[in-house]
Structure formats: C-alpha cells, structure tokens
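Residues -21 to -1, 1 to 336, numbered by mature numbering (1 follows the signal peptide of the UniProt record, and there is no 0), are exactly what the sequence shown covers, in order. Ideal Cβ positions, reconstructed from N, Cα and C, are used throughout, including at glycine. Since the model is a prediction, treat every value here as computed from it, not as a measurement.
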Amino acid sequence: MKKRIFSILVLCGFLPVCAVAQQKSVAEAYIEKYAQAAVDEMFRSGVPASITLAQGMLESANGQSYLATEGNNHFGIKCHDWKGPGIYKDAERKGECFRKYKSVSDSYRDHSDFLRYKDRYKFLFDLDITDYKGWAHGLKKAGYATDPAYPRKLINLIETYGLDRYDQTDTREIRKSNKLSRKEARKKRKAEKAAAAAALAAAGNTVPQEVINVTVNDKIPEAPSVLEEPKPYRGIKMFDFSFSLSRQLYSVNGVPFVYSVAGETYQSIADQYDLFLKEILSFNDAGNDMELLPGTVVYLQRKKRKASSHVDKYITEGMESLRDVSQRFAVRLKSLRKINGFSEDHILKPGDTILLR
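See the structure below:
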C-alpha cells in the first residue's frame, strides 16, 4: 500500500515538469516554423523579429488558439476597417470580429503593416532594432494590449527563448548557439524528453537551442518618421523660382514646399515664387475660396503620382480627408483616387487603409 502511495506521489510530482516540457516543445516548434517569416517581415517593415515572434507566441498560444487554428490570425488583430472575412470570438465584448486570413504569412504581413502604417505606433520605429524592451513597453503604451503585464510577458518570452538573436542585422545566417541540426534536435527531444524536462526545471527555464537557418535579403527600411519628415530642399535651380533666399524650402517625396505664415494667401505665395495663382492652387488641390491657415504646407511644384519607396500605404486614425493625405505624402489627389478606386465625393473613415503607390 505504501509503495502504491509513493508511486502516485512521484507521478504527481513529475506532472508539472512534463507539462513544462510539453509547453517548451510546442513553443520551440512554433519558433522553428515561423522564425523565417518574422525575419522576412523585419527586413520588409522594420518590426524586430523578436517582437513579432513573441507577440505571435503570446497572442496565438503558440499557434494553438481558436483564432490561429480557424482563422490563421496569430496576433489577435480585430476587424476594424478589414474588408476580408472575419472570425468571431468573445473577447472584451461578446462576439467580437477578428480578421481571418488565407495563410499565416498573410497574418504576419498584416501585423507588420498594422504597426508601421498607424500613427500611434510610428514612434516605435525610431527605436533601435535590437531594443526589444523599448518595443515591448511601447506597444503597451500605444494601446496594442490592455494587459498591464503585456510588456513583461513579451520580454520573458524573448529572453527565455533567445529570440533577440533574430534581430541581428550583420549576418546573412542566424543560428541557435549549440549547433544542433533540426533533425538532431527532434531526435534528442524524443529520446530524452524526461531528462530534458528535469534539466529545464533545474536550469531555471533555460531552453536548449538548436540550429535554425534564417536568410535575409535586404536592409531594414528607415522608420516612417524619417521617411515622412520634411527635408530641406536641395534641388533649387536659379531659374526655378524667383524668391527671397532668406526663406527655407522643404521637400516631401522630392516635391518642394514652404510653410505658410500668418497673413499669407495662395496669391501672395504665388507672387513670391513667380507662379500663377492657378498653378499653385492646382499643385495643392486647393479651391479659389480655400482659406490658408498659418503653418499650412504649400507645394511649389506638382505632386508625384505615387509616394516614395517604403511608404506604400497609410491607415487613417482621425477625421481626415483624402486631400489631407495627398498633402501629407505629396501624392496627387487624382492619383490617390485612381489607386484606391475612390469617387470624388468619397469620405474617409478612421481606420481606412489608403494605398499610396
């Protein structure tokens, strides 16, 4: 009888360890499967691969959540302005709509775009690509999650599984440190599962690391704030304008502009730069009766037909007009309508995605 009781106690004592081992195995499998996708997105959008993987692991329960298995949604992104299919789940409210994707890669791409093209997340891209702690706290600050422990959970995942190694940008191949192949790692886990579980508990959740080869093919793009920031205009030719050299010209998307000051009108700026009123109104998609407020961007040449590279879309967050977007990115209003299939009387709503290229 005593022997039977002892056996039960021993079995119960090992159950938590086995559960930890199983959880580790599921997490490692997720990392192995999606590390390349996270790195690809880092080099496409500038979101650190460690953050993408940690969010994917946390939000999708390592790919095993209902949203992940039924909707390929690994980041818990809700429908908002989503034009595609939805999947419904009780969350903060009953029956909330979440985005449903054709593939997990679509979910990864949409997650990157969700962060890169919303103004409230743009400050994150000014952080160093290796500053995963800054990103984790910044995501909470910007409202990605309501859980006060969200940053700590992301940081714990990154540090437990060494995900920050995927943020390296000075190598074309990122490997896990102990040089085990995928096949060897799987064989080792299967043959020594119990021993590995005990070792995990004794080592304080240190995960054995196997090789995962990840290739990178491009450089990480500049932060949106850098790409969109007005720059001093250097393309001035003596015959382009007749103007006072004391006034600073700026450019967005290669198009020169000035900021208006109090008391100026489109007519006075046109006169200053030897332009016809009709020209300057056309350059700015402005009407004859449009008031010119101080600090307004006034373009001095025709805007481009598309935005600059790496600025391919914009997600509205306030009550903006399509002309506001046109002025912000120096893309012709007519071109934006054509690219997005909008009519002249189309009204934007917060959360609308505007293609810029």
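Cutoff 8 Å: residue i Cβ touching any chain C Cβ
i: VAL5; result: Chain labels in this structure do not include chain C; a single protein chain is all it has.
Limits of the alpha helix (DSSP H) - the one that residue i falls within
i: LEU136; result: 129 to 139
i: PHE308; result: 301 to 308
i: PHE262; result: 256 to 262
i: LEU272; result: Counting along the chain, LEU272 falls outside any alpha helix (DSSP H), and DSSP gives it neither H nor E.
i: ILE333; result: No alpha helix (DSSP H) holds ILE333; the beta strand (DSSP E) holding it covers 332 to 334.
i: LYS120; result: 111 to 121
i: ILE248; result: 245 to 251
i: TYR45; result: 45 to 50
i: PRO316; result: Sequence inspection shows Arg at residue 316; the Pro mentioned does not correspond to that position. Segment 312 to 319, the alpha helix (DSSP H) holding ARG316.
i: ALA28; result: 28 to 39
Same chain, Cβ closer than 7 Å to residue i, five either side skipped, listed in chain order
i: VAL(-12); result: Residue confidence is low: VAL(-12) scores 43 on pLDDT, short of 50, so the model does not pin down where it sits. Its coordinate-derived value is still stated next. Within the same chain, VAL(-12) has no close Cβ partners at all.
i: GLU38; result: HIS53, PHE54, GLY55
i: VAL240; result: PRO273
i: LYS112; result: ILE134
i: PHE255; result: ALA249
i: GLY297; result: PRO329
i: GLU171; result: Low confidence applies to GLU171: its pLDDT is 44, below 50, so where it sits in the model is not reliable, and the reading given next is rough at best. Answer for GLU171: no residue qualifies.
i: HIS325; result: LEU301
i: SER100; result: Note that residue 100 corresponds to Tyr in the displayed sequence, not to Ser. Answer for TYR100: LEU94, ALA121, listed in chain order.
i: ALA265; result: TYR245
i: ARG226; result: VAL237
i: GLU299; result: LEU327
Integer-rounded CB distance, given that residue j should sit under 8 Å from residue i
i: LYS283; j: ASN232; result: 5 Å
i: LEU335; j: VAL290; result: 6 Å
i: ILE199; j: MET21; result: 6 Å
i: PRO27; j: ASP146; result: 5 Å
i: LEU312; j: LEU301; result: 6 Å
i: GLY122; j: PHE102; result: Rounded, the Cβ-Cβ distance is 12 Å, inconsistent with contact.
i: ALA6; j: MET36; result: 6 Å
i: VAL234; j: ALA286; result: Going by Cβ atoms, the distance from VAL234 to ALA286 rounds to 11 Å, so no, they are not a contact pair.
i: GLU75; j: LYS57; result: 6 Å
i: SER305; j: LEU315; result: 6 Å
i: GLU243; j: LEU271; result: 6 Å
i: TYR67; j: GLY42; result: Their Cβ separation, rounded to whole angstroms, is 20 Å, which puts TYR67 and GLY42 out of contact at 8 Å.
i: LYS292; j: ASP92; result: 7 Å
Exposure label - residue i; buried when at least 16 CB within 10 Å
i: PRO127; result: exposed
i: PRO211; result: exposed
i: ASN51; result: buried
i: ASP107; result: exposed
i: LEU32; result: buried
i: TYR80; result: buried
i: ASP69; result: exposed
i: SER24; result: buried
i: GLN34; result: buried
i: TYR45; result: exposed
i: ARG78; result: buried
i: ASP19; result: buried
Span of the beta strand (DSSP E), counted from its first residue to its last, around residue i
i: ALA96; result: Note that residue 96 corresponds to Tyr in the displayed sequence, not to Ala. Note, TYR96: premise wrong, no beta strand (DSSP E); not H, not E.
i: SER230; result: 229 to 231
i: GLU75; result: 75 to 78
i: LYS328; result: Taken as a continuous stretch (DSSP letters only), LYS328 belongs to no beta strand (DSSP E), as it is neither H nor E.
i: ILE56; result: ILE56 -> no beta strand (DSSP E), and no H or E assigned at all.
i: residue 355; result: Because the chain is modelled from -21 through 336, residue 355 falls outside the range shown and cannot be assessed.
i: residue 409; result: The structure shown does not extend to residue 409, since the chain is modelled only from -21 to 336, so the question has no answer here.
i: PHE236; result: 234 to 238
Close-in-space but distant-in-sequence residues of the same chain around residue i (CB under 6 Å, 5 per side omitted)
i: GLY330; result: HIS59, ASP60
i: TYR129; result: LYS119
i: THR109; result: ASP146
i: HIS90; result: PHE54
i: ARG281; result: PHE262
i: ILE294; result: TYR96, LYS97, THR332
i: ILE259; result: TYR245, ALA249
i: residue 338; result: Any question about residue 338 goes unanswered here, given that the chain covers just -21 to 336.
i: ALA47; result: SER39, HIS53
Own chain partners of residue i with C-beta closer than 8 Å, once the 5 adjacent residues on each side are dropped
i: ILE30; result: TYR111, TRP114, ALA115, LEU118, LEU133, ILE137
i: ASP303; result: none
Inter-stretch contact (C-beta, 8 Å, three-pair minimum) for the segment 56 to 64 and the segment 78 to 85: Contact holds: three or more Cβ-Cβ distances are below 8 Å.
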